[in-house]
Ligand SMILES: [Zn+2]
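Numbering (this note's numbering), first residue to last: 207 to 790.
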């Protein structure tokens with residue numbers, strides 16, 4: 207490709223609202239342009255990157271026998287109502303009506319649609335297993351789109367679905383996908399960690415997330431360097447606080463006035479002076495239409511995903527102040543669970559108490575009367591109506607749950623893939639069954655497997671860039687190398703560049719020939735910004751000696767290489783860097 211014919215609108219200034227590296231560089235280097243919040247136009251360079259990521263995904267899907275489909279993005283509401291997710295997806299789902307007034311939506315994921323095909327078409331265990339996938343546009347109405355293509359409302363996903371006869375079959379399909387994902391990320395130049403994760407609205411038993419460590423990510427990962435234990439902080443366990451949990455003096459519960467106290471910190475200050483680790487934090491949630499209470503230690507944070515797991519709720523949100531007032535008779539700031547009855551007929555359905563609180567006494571909690579607290583709370587005695595559960599967020603420095611030696615590290619990470627063992631949740635909801643060898647109808651056992659295509663590209667930029675621009679992994683770079691004639695007006699230079707451009711093309715190398723009449727400094731700067739993995743520069747002086755400059759994007763110094771050897775050198779370097787498809 208000739209740069210004079212390629213649309214690459216680079217920017218000198220960093221766009222004001224861009225903070226993370228991938229957002230800044232993909233805008234500045236002319237890969238992306240925004241259309242609206244969380245909606246981007248992909249310019250030619252980015253489209254080439256996306257095509258290469260997709261090619262790697264297709265090769266690895268083919269290697270495990272997955273078959274490519276292409277399903278609609280526009281769905282009738284009925285099928286989402288059948289699975290129960292029309293409500294579950296809430297405001298995240300883009301909804302619309304057709305001209306007949308029928309409810310429709312834009313697909314966020316495709317479990318329902320693939321399962322419906324399986325239901326209508328698969329009849330016998332002999333047709334299993336099946337692994338189906340597509341590369342498709344998805345829509346999610348994100349509350350706060352940001353960080354360029356990292357958090358968007360329209361994106362491309364490879365989503366795959368496995369259909370098996372039984373659990374061992376699902377285990378094998380899941381393992382095939384897991385390995386394929388590892389190869390995809392490795393080939394795309396991403397270092398990642400595979401973590402235990404919360405299944406969220408997907409349901410099912412087990413799930414693994416693939417996370418890239420970067421401050422641009424919005425997930426927190428807990429990780430033990432000693433044994434390799436890693437989990438999303440939503441699910442991450444620990445052996446509890448590093449400083450042993452400790453209550454105050456045991457005794458009967460007693461109310462005391464706390465006018466104006468609204469927070470844990472207020473109660474920690476004089477005149478009360480109750481340290482956070484001696485307080486109980488009481489939180490009220492709305493869970494599938496009923497109220498539940500969660501109690502954690504004052505210095506801990508509630509992990510909502512863990513409360514969702516403990517309560518089994520499909521939809522969970524903090525209760526509104528009016529709902530809390532109606533149920534407990536007090537406002538947030540003076541809430542507690544002591545003396546609160548829980549059950550089907552009560553205002554509070556269930557009470558969950560963090561398991562690290564077991565055995566503590568002398569604790570302080572709200573009295574459910576504005577301006578009053580209780581002291582002398584004994585968790586075993588006064589919160590006996592509660593269920594012990596893992597509710598707290600694991601923190602850095604706490605002891606690893608799997609090994610004796612390790613301490614947990616907590617860092618920011620970006621999710622690039624997520625795979626789920628769904629089991630029979632969707633096949634039962636939608637009635638997808640086959641006849642087994644005994645002639646009995648049984649629900650198909652399913653898995654689902656997603657990869658964010660743009661996220662892979664953006665994660666690669668987060669991991670591979672410097673002050674001058676992007677440093678693409680060779681496998682997904684939009685072109686293999688920049689070819690820079692440094693004096694475009696010099697006939698010998700221009701001619702040598704043309705000849706080399708042809709020779710490189712004939713050798714299967716994608717060169718971006720910068721044939722613009724620009725100063726060498728401008729060409730070097732733009733080439734660094736765009737970030738192709740290698741660069742060949744042709745200057746008048748070295749050309750007279752039959753040589754050209756060769757440089758990898760990350761190298762400090764260029765190397766002079768005889769013109770006659772440059773094509774084979776480029777081919778070798780690119781091959782080593784994984785630039786070429788494994789299937790040719
Ligand atoms: Zn460990």
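Idealized CB from N, CA, C, for every residue including glycine.
Between residue i and the rest of its own chain, which residues show a CB-CB distance below 7 Å, the 5 nearest in sequence each way excluded?
{"i": "residue 231", "result": "667, 671, 675, 676"}
{"i": "residue 213", "result": "249, 250"}
{"i": "residue 314", "result": "295, 298, 299, 344, 345, 346"}
{"i": "residue 480", "result": "473, 474, 570"}
{"i": "residue 496", "result": "555"}
{"i": "residue 648", "result": "639, 640, 642"}
{"i": "residue 280", "result": "310, 312"}
Excluding the five sequence neighbours on either side, which residues of its own chain have a C-beta within less than 6 Å of the C-beta of residue i, listed in chain order?
{"i": "residue 420", "result": "620, 668"}
{"i": "residue 717", "result": "687, 689, 707, 710"}
{"i": "residue 609", "result": "432, 433"}
{"i": "residue 215", "result": "236"}
{"i": "residue 208", "result": "719, 721"}
With respect to 8 Å, is the separation between the Cβ of residue i and the closest non-hydrogen atom of ligand 1 below this value?
{"i": "residue 435", "result": "yes"}
{"i": "residue 311", "result": "no"}
{"i": "residue 330", "result": "no"}
{"i": "residue 612", "result": "yes"}
{"i": "residue 432", "result": "yes"}
{"i": "residue 608", "result": "yes"}
Does the beta-carbon of residue i have 16 or more other beta-carbons within 10 angstroms, so that it is buried, or is it exposed?
{"i": "residue 450", "result": "In this predicted model, residue 450 has a pLDDT of only 47, less than 50, meaning its place in the structure is not dependable; the value taken from the coordinates is given anyway. Exposed is the call here."}
{"i": "residue 750", "result": "exposed"}
{"i": "residue 369", "result": "buried"}
{"i": "residue 743", "result": "buried"}
{"i": "residue 556", "result": "buried"}
{"i": "residue 287", "result": "exposed"}
{"i": "residue 782", "result": "exposed"}
{"i": "residue 772", "result": "buried"}
{"i": "residue 774", "result": "exposed"}
{"i": "residue 321", "result": "buried"}
{"i": "residue 728", "result": "exposed"}
{"i": "residue 536", "result": "buried"}
{"i": "residue 225", "result": "exposed"}
{"i": "residue 218", "result": "exposed"}
{"i": "residue 741", "result": "buried"}
{"i": "residue 720", "result": "buried"}
{"i": "residue 762", "result": "exposed"}
{"i": "residue 220", "result": "exposed"}
{"i": "residue 222", "result": "exposed"}
{"i": "residue 623", "result": "buried"}
{"i": "residue 291", "result": "buried"}
Nearest to residue i by CA position, among the options, is which residue?
{"i": "residue 631", "options": "412, 246, 343, 328", "result": "412"}
{"i": "residue 770", "options": "783, 756, 559", "result": "756"}
{"i": "residue 565", "options": "533, 590, 234, 285", "result": "590"}
{"i": "residue 242", "options": "282, 470, 270, 360", "result": "360"}
{"i": "residue 484", "options": "539, 581, 720, 657", "result": "581"}
{"i": "residue 759", "options": "765, 767, 748, 737", "result": "737"}
{"i": "residue 578", "options": "593, 558, 622, 540", "result": "540"}
{"i": "residue 416", "options": "439, 387, 440", "result": "387"}
{"i": "residue 276", "options": "293, 268, 364", "result": "364"}
{"i": "residue 572", "options": "247, 436, 460", "result": "460"}
{"i": "residue 574", "options": "533, 602, 558", "result": "533"}
Are the beta-carbon atoms belonging to residue i and residue j less than 9 Å from one another?
{"i": "residue 376", "j": "residue 640", "result": "no"}
{"i": "residue 259", "j": "residue 394", "result": "yes"}
{"i": "residue 210", "j": "residue 353", "result": "no"}
{"i": "residue 693", "j": "residue 777", "result": "no"}
{"i": "residue 400", "j": "residue 512", "result": "no"}
{"i": "residue 654", "j": "residue 628", "result": "yes"}
{"i": "residue 333", "j": "residue 651", "result": "no"}
{"i": "residue 487", "j": "residue 504", "result": "yes"}
{"i": "residue 493", "j": "residue 519", "result": "yes"}
{"i": "residue 389", "j": "residue 266", "result": "yes"}
{"i": "residue 358", "j": "residue 245", "result": "yes"}
{"i": "residue 633", "j": "residue 324", "result": "yes"}
{"i": "residue 340", "j": "residue 316", "result": "yes"}
{"i": "residue 425", "j": "residue 440", "result": "yes"}
{"i": "residue 499", "j": "residue 548", "result": "yes"}
Given residue i, which residues of its chain have a CB within under 8 Å of its CB, disregarding the five upstream and five downstream residues?
{"i": "residue 384", "result": "400, 414, 625"}
{"i": "residue 780", "result": "680, 686, 687, 715, 739, 740, 786"}
{"i": "residue 735", "result": "216, 231, 234, 235, 674, 675, 676"}
{"i": "residue 699", "result": "691, 692, 693, 744, 745, 746, 749"}
Ligand 2 and residue i: does any heavy atom of the ligand fall closer than 8 Å to the residue's C-beta?
{"i": "residue 632", "result": "No copy of ligand 2 occurs in the structure displayed; its ligands are ligand 1 alone."}
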